[in-house]
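Working notes, beginning with the structure itself.
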Amino acid sequence: LYPSVSIGAMGASSASTVAALDRHESTIWRLGPLLSWNFPNFGAARARIAGAHAQEAAALARLDAALLTALKEVEQSLAAYAAAMEKRNALDAAARQSNTTVRLARLGREAGAATALDLLDAERGDVEAQAALAAADAEVATAQVTLFKALGGGWEDAPAVAAAMLVRDADAKR
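Using our numbering, the first residue of the sequence shown is number 46, and each one after it goes up by one.
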């Protein structure tokens with residue numbers, strides 16, 4: 046659409062021998078601009094401009110799609126993490142309750158109020174609750190890793206599942 050301007054230079058000599066090359070009178074220097082313009086071809090220039098605009102719009106559409114995909118992954122990961130944490134918290138409460146049940150069954154057995162079968166049932170329920178809690182801890186860890194990957198990773202001060210497990214173990218020993 047617009048003309049292109051370039052600058053050119055030229056040197057020449059009219060000397061007939063090599064010895065006459067150093068004489069100033071035989072040397073010619075030229076310097077000048079060159080203007081190039083496809084004057085009647087506005088349609089092709091406008092088509093190139095429209096093509097560039099279309100490429101820009103396509104690149105923006107790809108960027109929007111990538112951002113929406115990333116946002117969707119983050120939202121799904123957050124939902125999965127929240128669900129895993131809710132499940133883990135419920136199973137933690139159940140595990141604490143089963144631990145209390147075992148303690149009471151032992152006390153009852155020692156006092157003669159409960160049978161050995163009652164104690165075994167309470168211990169079996171406690172083992173099942175602890176196994177379910179361990180599986181929930183693994184689900185939380187997996188959901189946390191998935192969330193970190195969706196966010197791009199790099200957060201090392203995020204609360205770890207191991208810390209929650211340490212608190213649970215400390216509570217169980219009381």
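In this text, a Cβ means the ideal position worked out from N, Cα and C, and glycines have one as well.
Under the three-state reduction of DSSP output, Val63 falls in the coil class, being neither helix nor strand. Looking at the DSSP output, Leu79 shares a beta bridge with Ser51. Approximately 7 Å separates the beta-carbon atoms of Ala125 and Thr191; this is inside 8 Å, confirming the contact. The beta carbon of Ala167 is closer than 6 Å to those of Thr146, Val147, Ala150 in its chain, skipping five residues each way along the sequence. Here the stretch 106 to 116 does not lie against the stretch 156 to 175, with fewer than 3 beta-carbon pairs under 8 Å apart.
The C-alpha of Ala159 lies about 8 Å from the C-alpha of Leu152. In the structure shown, the three-state DSSP call for Thr160 is coil. When rounded, the separation of the alpha-carbon atoms in Thr187 and Ala89 is 56 Å.
In this structure, Gln142 is the residue among Ser49, Gln142, Ile73 with its C-alpha nearest to the C-alpha of Gln175.
Listed in chain order, the non-local C-beta contacts of Thr72 below 6 Å within the same chain comprise Ser58, local neighbours out to five positions each way being set aside. Secondary structure at Gly56: strand, using DSSP grouped into helix, strand and coil.
Ile73 is bridged by DSSP to Ala57.
Each residue's CA atom was taken as its position, placing Leu136 and Leu123 some 20 Å apart.
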